Amino acid sequence: MFHIFQYRRLILITQTSLSNMCLKPVLSRPVAFAQIWKSWFSSHFLLGNKNIILMGPPGAGKTTTGRIVGQKLDCPVIDIDDDVLETTWNMTVSEKLKDVGYEEFIEEEGKALLKFSASGSVISLSGSNPMHAAGMQHMKKNGIVVYLDVPTTVIMSRLKSMEVDRIVGLSPGNSLKDILQFRKQFYKRWYDIRVFCGEDVAAEVIAEKVLDAVKRYQDSELETFISTRSGRSGRSMEEDSHKYFSDVVVQGLAPDGGLFVPERGLPKFTVGEWQGLIEATYVERAEVILERCIHPADIPASKLAEIIATAYGENFSCSKIAPVRHLAGNQFLLELFHGPTASFKDFALQLVPHLFAYCIPRSCNYLILVATSGDTGSAVLDGFSRLHDTDKQRIAVMNFFPEDGVSPIQKSQMIGCQKENAWSVGVKSDFDFCQTAIKQIFTNSNFTGFLTVEYGTALAAANSINWARLLPQTVYHASAYLDLVHQGIIPFGSPVDICIPTGNFGNILAAFYAKMMGIPIRKLICASNDNNVLTDFIRTGVYDLRGRKLISTFSPAVDILKSSNLERYLHVIANEDGQLVTQLFNQLENQGHFQLHKELLEKLQQDLVAGWCSEEDCLAAIHSVYSTTGYILDTHTAVAKVVADRLQDRTCPIIISSTAHYSKFAPAILRALRIAEINQNPLSQLHLLSSYSALPPIHWGLLETLKKTGNGDHQVCAADMSVLMHHIETLIQNHFM
Numbered sequence: 006m007f008h009i010f011q012y013r014r015l016i017l018i019t020q021t022s023l024s025n026m027c028l029k030p031v032l033s034r035p036v037a038f039a040q041i042w043k044s045w046f047s048s049h050f051l052l053g054n055k056n057i058i059l060m061g062p063p064g065a066g067k068t069t070t071g072r073i074v075g076q077k078l079d080c081p082v083i084d085i086d087d088d089v090l091e092t093t094w095n096m097t098v099s100e101k102l103k104d105v106g107y108e109e110f111i112e113e114e115g116k117a118l119l120k121f122s123a124s125g126s127v128i129s130l131s132g133s134n135p136m137h138a139a140g141m142q143h144m145k146k147n148g149i150v151v152y153l154d155v156p157t158t159v160i161m162s163r164l165k166s167m168e169v170d171r172i173v174g175l176s177p178g179n180s181l182k183d184i185l186q187f188r189k190q191f192y193k194r195w196y197d198i199r200v201f202c203g204e205d206v207a208a209e210v211i212a213e214k215v216l217d218a219v220k221r222y223q224d225s226e227l228e229t230f231i232s233t234r235s236g237r238s239g240r241s242m243e244e245d246s247h248k249y250f251s252d253v254v255v256q257g258l259a260p261d262g263g264l265f266v267p268e269r270g271l272p273k274f275t276v277g278e279w280q281g282l283i284e285a286t287y288v289e290r291a292e293v294i295l296e297r298c299i300h301p302a303d304i305p306a307s308k309l310a311e312i313i314a315t316a317y318g319e320n321f322s323c324s325k326i327a328p329v330r331h332l333a334g335n336q337f338l339l340e341l342f343h344g345p346t347a348s349f350k351d352f353a354l355q356l357v358p359h360l361f362a363y364c365i366p367r368s369c370n371y372l373i374l375v376a377t378s379g380d381t382g383s384a385v386l387d388g389f390s391r392l393h394d395t396d397k398q399r400i401a402v403m404n405f406f407p408e409d410g411v412s413p414i415q416k417s418q419m420i421g422c423q424k425e426n427a428w429s430v431g432v433k434s435d436f437d438f439c440q441t442a443i444k445q446i447f448t449n450s451n452f453t454g455f456l457t458v459e460y461g462t463a464l465a466a467a468n469s470i471n472w473a474r475l476l477p478q479t480v481y482h483a484s485a486y487l488d489l490v491h492q493g494i495i496p497f498g499s500p501v502d503i504c505i506p507t508g509n510f511g512n513i514l515a516a517f518y519a520k521m522m523g524i525p526i527r528k529l530i531c532a533s534n535d536n537n538v539l540t541d542f543i544r545t546g547v548y549d550l551r552g553r554k555l556i557s558t559f560s561p562a563v564d565i566l567k568s569s570n571l572e573r574y575l576h577v578i579a580n581e582d583g584q585l586v587t588q589l590f591n592q593l594e595n596q597g598h599f600q601l602h603k604e605l606l607e608k609l610q611q612d613l614v615a616g617w618c619s620e621e622d623c624l625a626a627i628h629s630v631y632s633t634t635g636y637i638l639d640t641h642t643a644v645a646k647v648v649a650d651r652l653q654d655r656t657c658p659i660i661i662s663s664t665a666h667y668s669k670f671a672p673a674i675l676r677a678l679r680i681a682e683i684n685q686n687p688l689s690q691l692h693l694l695s696s697y698s699a700l701p702p703i704h705w706g707l708l709e710t711l712k713k714t715g716n717g718d719h720q721v722c723a724a725d726m727s728v729l730m731h732h733i734e735t736l737i738q739n740h741f742m
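As structure tokens, this is what we get:
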């Protein structure tokens with residue numbers, strides 16, 4: 006058996022080792038010795054008895070990177086091709102491949118891996134090693150597998166320059182590109198860590214990335230979450246302990262009433278890393294971005310990739326998932342309605358249920374509480390109903406919506422999406438009451454404690470107050486920018502503006518986070534309807550609910566006065582001053598208003614501009630765009646279009662978030678198209694719209710849901726906290742007991 010033992014020794018400080026460590030001559034001898042000892046100590050204890058196993062396609066730079074990492078850690082370096090396979094076979098790899106053929110070669114490679122053992126080493130696999138399951142299982146037992154993910158176009162260019170004309174699996178019927186794409190499924194199966202390598206990245210830089218990634222992998226303490234109402238030290242007024250991603254997915258709201266945010270902020274991507282994603286698919290972009298935001302101790306990278314592939318698979322009607330379409334002039338539409346329930350909420354809520362099911366303990370049942378102003382409800386119900394049957398037995402959903410505050414089709418859709426673990430309840434009030442009621446229920450320790458003790462059931466949230474709901478939305482904002490670069494509209498680095506119809510501030514906050522992560526977004530344009538509290542706030546710094554009444558509009562998803570996610574944004578620009586955030590939102594709760602000081606308002610206005618749109622202008626925009634382009638905007642997108650027209654300066658492209666399919670708001674759309682008589686039956690309305698042969702086509706998934714719904718039943722209750730709590734307890738008794 007080929008075996009390499011880890012070799013531990015005390016370092017003798019020699020002139021050679023000093024020069025290799027690049028110590029500056031100005032350091033005194035005691036300081037130099039201390040730094041060398043610290044470097045040796047941290048490097049050797051980074052590995053312990055584990056191996057760092059570098060995996061990736063041929064041409065990814067595994068061998069070169071492995072040598073540099075080995076040098077930095079002062080540990081053995083093993084190249085599987087040179088040091089194991091060729092030694093075992095007593096012939097070159099290419100000779101062996103020619104001798105036995107593709108399938109037998111994979112088997113022979115696997116046999117060699119199964120006989121191999123090492124510890125405390127850096128190991129560079131061959132490009133085809135991951136295709137042998139038993140061999141890789143053996144390697145993973147004592148190693149951290151690092152996937153060097155290099156764009157396929159870069160690999161092909163490198164192999165061409167290296168004059169490599171034969172790799173395992175390449176035959177007259179298979180192109181090199183096809184083989185590289187085929188192998189990705191095996192790399193994704195085995196890796197613990199992905200190191201994304203953009204174009205023309207030096208091996209030294211990749212080696213540093215590998216070391217940083219391994220350190221991150223081994224230390225989950227680096228990525229904790231705090232409340233927006235915590236002090237700068239991260240200590241909450243009501244709880245000292247930090248939380249991890251798996252905690253905040255389950256808990257939703259912080260115990261002190263604040264919202265969870267990552268203590269160290271979001272990861273920053275380099276220009277090269279973003280450029281490396283230009284050719285990538287939406288799923289590949291989501292994998293790279295979300296892996297950097299979710300620690301593998303919470304969800305292993307390979308499991309996360311599996312969840313992402315499930316979330317953005319056949320349930321989306323467009324293969325591009327979130328395509329960008331040119332509208333007119335410098336305006337582009339980001340189409341976010343191709344999911345199963347026809348709104349942007351699907352991007353989070355096809356993903357979150359699987360994250361939630363993975364993170365929760367098996368010993369407890371969970372009831373998800375949701376408040377919706379329209380689109381969230383059906384998206385939550387659909388997402389959680391797609392879980393495996395075993396998960397549906399321990400996870401249920403209760404959706405509260407304003408009974409008379411959503412469109413008829415939205416209501417029919419929420420009723421139609423009810424399943425054995427998912428129910429909707431209409432509340433005789435508005436969205437703000439529903440949202441406030443859920444927040445109060447979560448912070449009512451007597452009630453939540455009673456449910457846990459009496460029924461073994463905990464409550465959780467799936468609104469955008471839940472960090473896991475917000476995080477996936479950053480992906481489509483980044484992806485939209487990369488698509489413009491890919492289409493040749495702009496070079497990477499040129500700025501864009503983004504205009505978003507905004508109610509609860511979650512979608513626009515996700516765009517702000519994408520900007521923080523390195524996407525060149527210039528201005529975020531907040532578009533309001535008649536409920537224009539956010540527009541007033543962004544213009545004046547005064548958030549004032551006194552005397553305001555919620556107005557029902559054609560764009561119900563932004564019929565909101567209390568914008569929950571604004572708290573997260575203010576926490577960022579206030580330099581994480583939780584005390585100030587607490588003061589502001591306590592004042593809003595108790596007095597109905599607050600005002601930012603001048604410096605904070607100036608910061609806010611560097612990121613945000615705002616405008617609002619009347620009902621008349623909304624309908625006029627729908628008619629105008631259809632008349633000139635044949636494209637039908639939904640009412641929310643029309644609000645954003647009107648505001649974008651007024652506020653853009655036309656010096657850069659503007660991406661308008663098209664947050665829902667027009668089918669969901671058929672009565673308003675038909676009115677905008679100046680149809681005189683409108684049948685009140687939602688199904689008839691959709692059939693009438695489909696006769697227009699407009700772009701985009703009618704949302705057939707929505708049409709099928711409505712066909713199944715008929716006059717389906719749902720519960721309706723009064724706007725009373727005790728009544729809502731009774732409904733919750735009754736559901737728990739019926740589903741879990």
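Each residue of the sequence shown is one higher than the last, beginning at 6 in my numbering. A virtual CB, placed ideally from N, CA and C, is assigned to each residue, including glycine. All values reported here derive from a predicted model rather than from experimental measurement.
Asked                                                                                                      : Found
Buried versus exposed, by CB contacts within 10 Å (16 or more), residue 474                                : buried
Alpha-carbon spacing of residue 528 relative to residue 196, whole angstroms                               : 38 Å
Residue 154 (DSSP reduced to helix, strand or coil)                                                        : strand
CA-to-CA distance, residue 75 to residue 26, given in whole angstroms                                      : Confidence in residue 26 is poor, its pLDDT being 29 and thus under 50, which makes the residue's placement unreliable; the coordinate value appears in the next sentence. One C-alpha to the other measures close to 13 Å.
Sub-9 Å separation of residue 345 and residue 400 beta-carbons                                             : no
Per-residue DSSP class, three states only, for residue 312                                                 : helix
Assigned secondary structure, residue 296 (DSSP; H/G/I helix, E/B strand, else coil)                       : helix
As assigned by DSSP and simplified to three states, the class of residue 338                               : strand
Residues near residue 117 in its chain [Cβ-Cβ closer than 7 Å; skip 5 each side]                           : 89, 90, 93
Cα-Cα separation, residue 490 to residue 284                                                               : 10 Å
Helix, strand or coil at residue 377 [DSSP, three-state]                                                   : coil
Proximity below 9 Å, CB of residue 200 to CB of residue 249                                                : no
9 Å Cβ cutoff met for residue 446 and residue 730                                                          : yes
Alpha-carbon spacing of residue 112 relative to residue 106, whole angstroms                               : 10 Å
Integer-rounded CB distance, given that residue 147 should sit under 8 Å from residue 141                  : No, residue 141 and residue 147 are not in contact; Cβ-Cβ is about 12 Å, not under 8 Å.
Inter-residue spacing [alpha-carbon to alpha-carbon] between residue 302 and residue 229                   : 12 Å
Distance CB(residue 478)-CB(residue 353) smaller than 9 Å                                                  : yes
Cβ-based neighbour list, residue 585, same chain, cut-off 7 Å, excluding 5 preceding and 5 following       : 579
Inter-residue spacing [alpha-carbon to alpha-carbon] between residue 2 and residue 254                     : No statement about residue 2 is possible, as the shown extent of the chain runs from 6 to 742 and does not include it.
Cβ neighbours of residue 38 in the same chain (closer than 6 Å, five flanking residues each side left out) : Because residue 38 carries a pLDDT of 43, less than 50, the predicted location of this residue cannot be relied on, and the following value inherits that uncertainty. None.
Start-to-end residues for the alpha helix (DSSP H) that takes in residue 595                               : 583-596
For residue 437 and residue 202, the rounded distance between their alpha carbons                          : 45 Å
Three CB pairs or more closer than 8 Å across the region 514-532 and the region 600-616                    : yes
Length of the line joining the Cα atoms of residue 168 and residue 60                                      : 21 Å
Pairwise C-alpha distance: residue 656 and residue 679                                                     : 34 Å
CA-to-CA distance, residue 337 to residue 493, given in whole angstroms                                    : 13 Å
The region 290-304 in contact with the region 447-463 per 3-pair CB rule at 8 Å                            : no
Reduced DSSP category for residue 600 - H, G, I as helix; E, B as strand; rest coil                        : strand
Close Cβ partners of residue 242 (< 6 Å) along its chain, the five nearest in sequence each way excluded   : At residue 242 the pLDDT is 42, less than 50, meaning the model places this residue with poor confidence; the figure from the coordinates comes in the next sentence. The answer, listed in chain order, is 261.
Integer-rounded CB distance, given that residue 536 should sit under 8 Å from residue 564                  : 5 Å
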